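Trainee: Keeping their order, the protein sequence lines are chains A and B. Taking my numbering as reference, the numbering of the first sequence is continuous, increasing by one, and the terminal residue is 322. Taking my numbering as reference, the numbering of the second sequence is continuous, increasing by one, and the terminal residue is 322. C-beta: ideal position from N, C-alpha, C; glycine also. Just so it is clear, the structure is predicted and the values come from calculations on it, not from any experiment. Please see the structure below; I have some questions.
2 protein chains.
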Amino acid sequence: MTSSSRAPKGAKRRRPTAADVAHRAGVSRATVSYVLNNTPHQVIPETTRERVRAAAADLGYTPSAAARALIKGRSDVALLVLPDWPIGPTMGSLFERLSYALGEHGLTFVTHPRAAGRPLSDVWKAITPAIVVTFEDLGQDEIDKLERAGIDYSVALFGDPRGDGRVMDIPQQQTGRLQAEHLAAAGHRTLGYAWPGDPRVSTLAEQRLNGVRRTCADLGLAEPNVAPVPLTLDGVAQALHTWRTASPTVTAVCAYNDDIALAICAGAQRQGLAVPHDLAVIGVDDLPAASVASPTLTTVRFDTNALADYITDSIVRRLEGRPAAKQPTVVGQSVICREST
Amino acid sequence: MTSSSRAPKGAKRRRPTAADVAHRAGVSRATVSYVLNNTPHQVIPETTRERVRAAAADLGYTPSAAARALIKGRSDVALLVLPDWPIGPTMGSLFERLSYALGEHGLTFVTHPRAAGRPLSDVWKAITPAIVVTFEDLGQDEIDKLERAGIDYSVALFGDPRGDGRVMDIPQQQTGRLQAEHLAAAGHRTLGYAWPGDPRVSTLAEQRLNGVRRTCADLGLAEPNVAPVPLTLDGVAQALHTWRTASPTVTAVCAYNDDIALAICAGAQRQGLAVPHDLAVIGVDDLPAASVASPTLTTVRFDTNALADYITDSIVRRLEGRPAAKQPTVVGQSVICREST
DNA sequence: GTACTCTACTGATACGCGCAACTGAAGCGC
DNA sequence: GCGCTTCAGTTGCGCGTATCAGTAGAGTAC
């Protein structure tokens, strides 16, 4: 009579616990736990199981994540720490799929925009995730700190793979390679590379540029002519000037991303240059604006679903102690060919 | 002798607990708790406090969030459930500031991209946040479920304010108003409204459009000519046709956002129309591409910092049981005037 | 009838922490 | 010497769950 049934008016109705379910089903808390968790090697007849499940459903019982985390030492959360550079729609849909795919494995996916001046450790304190995923590789002592805090694994999405499965092998070089191959196939022999003005993304840009460089070397083209392109009218004009006055003249540009590619297209128009006739441009990301720009923008699109599934697989393998998956040869990305090339 | 001191080689080193700190400092666990939490009304001399703090630092002690959450019934996490529509850089920087500002109040901010087919409740189970923030208003029974799960408060960022502080008063009408006023000030008498093709954002679009409508009425202009603008070449061309053939002809367009505004500019150019001479265009968001497009795009920019601070204040007030803050008259947003108008 | 096994559970403990209640000693007024 | 207060802590409970170790009872073996 002390329990549930209907809390007295005014009093906060407590959420039901396993004990409430046990009481209602006429069994012990242990049995409830065994039934609801399908604990193996426990002999419990189906009738009892039914009774427990019914009681749980009646009460709207939901196990307390906090209590579970307390026992297990970690919660069922996968924490992605966002980088300080702006994330666009591509990342957005990657996260969406990650959320789904990790959910299928019983993990809850959350992201945390890292606030400047706050140590990363403050975040684990509040979440105790099963795994921490970052964009760039954490230093060894950060990883040590994580382990000391009881979080075993961390994974970086981008960075130089270290072979220990700690850094995911997402081939940004491949992105640059696709750009360069596409332009080379269209007959361009002298490529430019539009380097982002934002220094925060230079890690990524470096990798993509390397892909372009290698491809140029492989195909016998000249080194790509790298020019920084800040997102200002002047910045774009300068870069265009660099490419147009180079000798031999740059006839096609690989841009770090679509924002920069679009800026170059617009800048070219301003100077009376025709895209793609005077200058071909290829971006990365397939932003919404890319398909309706004038001219429409050729770009490299990531298969975010495939990417998310690959990342999920890696994460789950880590957590289960299985060896890292063999990297698929090409993590889905492809050239969307439009008017700008 | 059973405890700590140095785990045998091979064994996982357990993370230090308050008991370890207590042992090292030569006090009881309770004292450790009192010292580290600065619990008021506890008389503990500074020397002892120092000893405890030193021991904690030596061991690298970090309190277990799980245990704390278990006692308090909620964690110190503010959970933002992302909408299913794509989020852009504006939201990104809003989140960044939210993370910082909430952090100042001891809350950890995380976002969860909602995965289709998974009930929202699965997420609370795994996080037990102090507060759940959504973009659109949850239904009453979802809110009830939340409360039954022990989470007292939820807040929606956008939606019709209900006066109970449950829905934040972020004036999207104001956005439309600023757009319309800007165009009217430039002498335009017949406005168009570019309605987003994506139905998922219609709640927001509705509010912004209402702002435009009211402003037109206030200023004695005709009703805005609303045309849907899907992000395809055809879609844009159709909308332009609608506006150009209307009588009187539409001379300026308020777009739901910059993506659509840029698409309209590009589409106009394709048809040989001059922007802003034949058609003025104003967007919302100030995307990176807006400042370097051709022509550069006039747009409404949100002051994400001010917005984040307002949201933070509201959340903290809710959690502390203080009344909702008076809505600032204008939550920072302003027109960035460029070439397209 | 005893010894053993198997079924179907239950009891108790531990996880790490916060907090209420208690204690032992010192200080103080008279 | 007594009662009272303040100091400086400690003991112990409870949050909700997972899980190990146990156990009453039924069934079988001989």
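Answer yes or no: does any C-beta atom of chain B fall closer than 8 Å to that of A:H93?
Mentor: Chain B, which has a Cβ nearer than 8 Å to the Cβ of A:H93, makes this yes.
Trainee: Is the CB of A:R319 under 8 Å away from at least one CB in chain B?
Mentor: No, its Cβ sits nowhere closer than 8 Å to a Cβ of chain B.
Trainee: Can you tell me whether B:S275 is buried or exposed? The criterion is at least 16 other CB atoms within 10 Å of its CB, across all chains shown.
Mentor: Its Cβ being crowded by 16 or more others within 10 Å, B:S275 is buried.
Trainee: Could you confirm whether any beta carbon from chain B is found closer than 8 Å to the beta carbon of A:A330?
Mentor: Only positions -18 to 322 of chain A appear in the structure, and residue 330 of chain A is not among them; the question remains open.
Trainee: Measure the beta-carbon distance from A:I112 to A:A47 and round it to whole angstroms, keeping in mind my assumption that it falls under 8 Å.
Mentor: Not really, about 19 Å apart at Cβ, beyond 8 Å.
Trainee: Out of B:V91, B:N191, B:A166, B:H169, which has the shortest C-alpha to C-alpha gap to B:W176?
Mentor: B:W176 has its Cα closest to that of B:N191, out of B:V91, B:N191, B:A166, B:H169.
Trainee: Buried or exposed for B:N238, please, with buried defined as at least 16 other CB atoms from any protein chain shown within 10 angstroms of its CB.
Mentor: B:N238 comes out buried.
Trainee: Can you check which of these residues, A:T71, A:R(-5), A:G120, A:D39, is closest to B:L127 by C-alpha distance?
Mentor: Answer by Cα proximity: A:R(-5).
Trainee: Does the CB of B:T340 have a neighbour CB from chain A at under 8 Å?
Mentor: No information on residue 340 of chain B is available, as it lies outside the stretch -18 to 322 that chain B covers here.
Trainee: Residues of the stretch 96 to 127 of chain B with a CB closer than 9 Å to any CB of chain A: list them in chain order, please.
Mentor: So the list reads A96, A97, G98, R99, S102, D103, V104, W105, K106, A107, I108, T109, K126, given in the order they occur along the chain.
Trainee: Can you check DSSP and say which residues form a bridge with B:C235?
Mentor: B:C235 is bridged to B:Y174, B:I263.
Trainee: What does A:Q250 touch in chain B if you count any residue whose Cβ is under 9 Å from its own?
Mentor: Near A:Q250 (Cβ distances below 9 Å), the residues of chain B are Q250, S275.
Trainee: According to the neighbour-count rule (16 or more other Cβ atoms, all chains shown, within 10 Å of its Cβ), is B:Q23 buried or exposed?
Mentor: Flag for B:Q23 reads exposed.
Trainee: What is the DSSP secondary structure of A:V217, counted as helix, strand or coil?
Mentor: Reduced to three states, the DSSP call for A:V217 is helix.
Trainee: For A:P(-3) and B:D199, I'd like the C-alpha separation in whole angstroms.
Mentor: Going by the C-alpha atoms only, they are around 55 Å apart.
Trainee: Just reading off the alpha helix (DSSP H) that A:S56 is part of, what are its end residues?
Mentor: A:S56 -> no alpha helix (DSSP H), and no H or E assigned at all.
Trainee: Output the distance between the C-alpha atoms of B:T293 and B:G168, rounded to the nearest integer angstrom.
Mentor: Cα-Cα distance, rounded: 39 Å.
Trainee: Just how far apart, CA to CA, sit A:D1 and B:E123?
Mentor: Roughly 23 Å separates the two Cα atoms.
Trainee: Please confirm if the stretch 86 to 93 of chain B is in contact with the stretch 93 to 102 of chain A, defined as three or more CB-CB distances below 8 Å between the two stretches.
Mentor: Yes, they touch.
Trainee: Would a C-beta distance cut-off of 8 Å place B:P205 and B:V217 closer than the cut-off?
Mentor: It is not a contact, given that the beta carbons lie outside the stated cut-off.
Trainee: Since B:H93 is in the beta strand (DSSP E), which residue starts that stretch and which ends it?
Mentor: Run containing B:H93: 89 to 94, per the beta strand (DSSP E) assignment.
Trainee: Three-state secondary structure (DSSP) at A:M(-18)?
Mentor: Note that A:M(-18) has pLDDT 36, beneath the 50 cutoff, so the model's placement of it is unreliable and no number is given.
Trainee: What did DSSP end up calling A:T279 once you bin it into helix, strand or coil?
Mentor: Residue state, collapsed to three classes: strand.
Trainee: Name the chain A residues that come within less than 8 Å of B:F139, Cβ to Cβ?
Mentor: Under the 8 Å cutoff, chain A gives no residues; its nearest Cβ is about 18 Å from B:F139.
Trainee: Beta carbon of A:D240, beta carbon of B:P269: below 8 Å?
Mentor: Yes.
Trainee: Check the Cβ of B:G73 against every Cβ in chain A and list those closer than 7 Å, keeping chain order.
Mentor: Ordered by position in chain A, the residues that pass the 7 Å Cβ test against B:G73 are P67, I68.
Trainee: Grab me the residues of A:A166's own chain with a C-beta within less than 7 Å of its C-beta, minus the 5 sequence neighbours each way, in chain order.
Mentor: Around A:A166: no qualifying Cβ.
Trainee: Throw me the rounded Cβ distance for the B:T285 and B:V265 pair, which I believe falls under 8 Å.
Mentor: Between B:V265 and B:T285 the Cβ distance is about 13 Å, and since that is not below 8 Å, they are no contact.
Trainee: May I ask which residues mark the beginning and end of the beta strand (DSSP E) holding B:A208?
Mentor: Counting along the chain, the beta strand (DSSP E) containing B:A208 begins and ends at 206 to 210.
Trainee: The alpha helix (DSSP H) with B:Q155 in it runs from where to where?
Mentor: Where B:Q155 is concerned, the enclosing alpha helix (DSSP H) stretches over 153 to 166.
Trainee: Between which residues of its own chain and A:A347 is the CB-CB distance below 6 Å, once the five residues before and five after are set aside?
Mentor: The first residue shown for chain A is -18 and the last is 322, placing residue 347 of chain A beyond what the model contains.
Trainee: Does the distance from the C-beta atom of A:T115 to that of A:S56 stay below 8 Å?
Mentor: No; because the gap between Cβ atoms is not below 8 Å, this pair is not in contact.
Trainee: Which residues of chain B have a Cβ atom closer than 8 Å to the Cβ of A:Y81, listed in chain order?
Mentor: Ordered by position in chain B, the residues that pass the 8 Å Cβ test against A:Y81 are A96, A97, G98, R99.
Trainee: So, is the C-beta of B:V148 closer than 8 Å to a C-beta in chain A?
Mentor: Chain A contact via Cβ: absent.
Trainee: Suppose contacts are defined by Cβ-Cβ distances below 8 Å. Is A:A261 in contact with A:L164 by that definition?
Mentor: Yes; because the gap between Cβ atoms is below 8 Å, this pair is in contact.
Trainee: Say whether chain A places a C-beta atom closer than 8 Å to the C-beta of B:T213.
Mentor: B:T213 counts as touching chain A.
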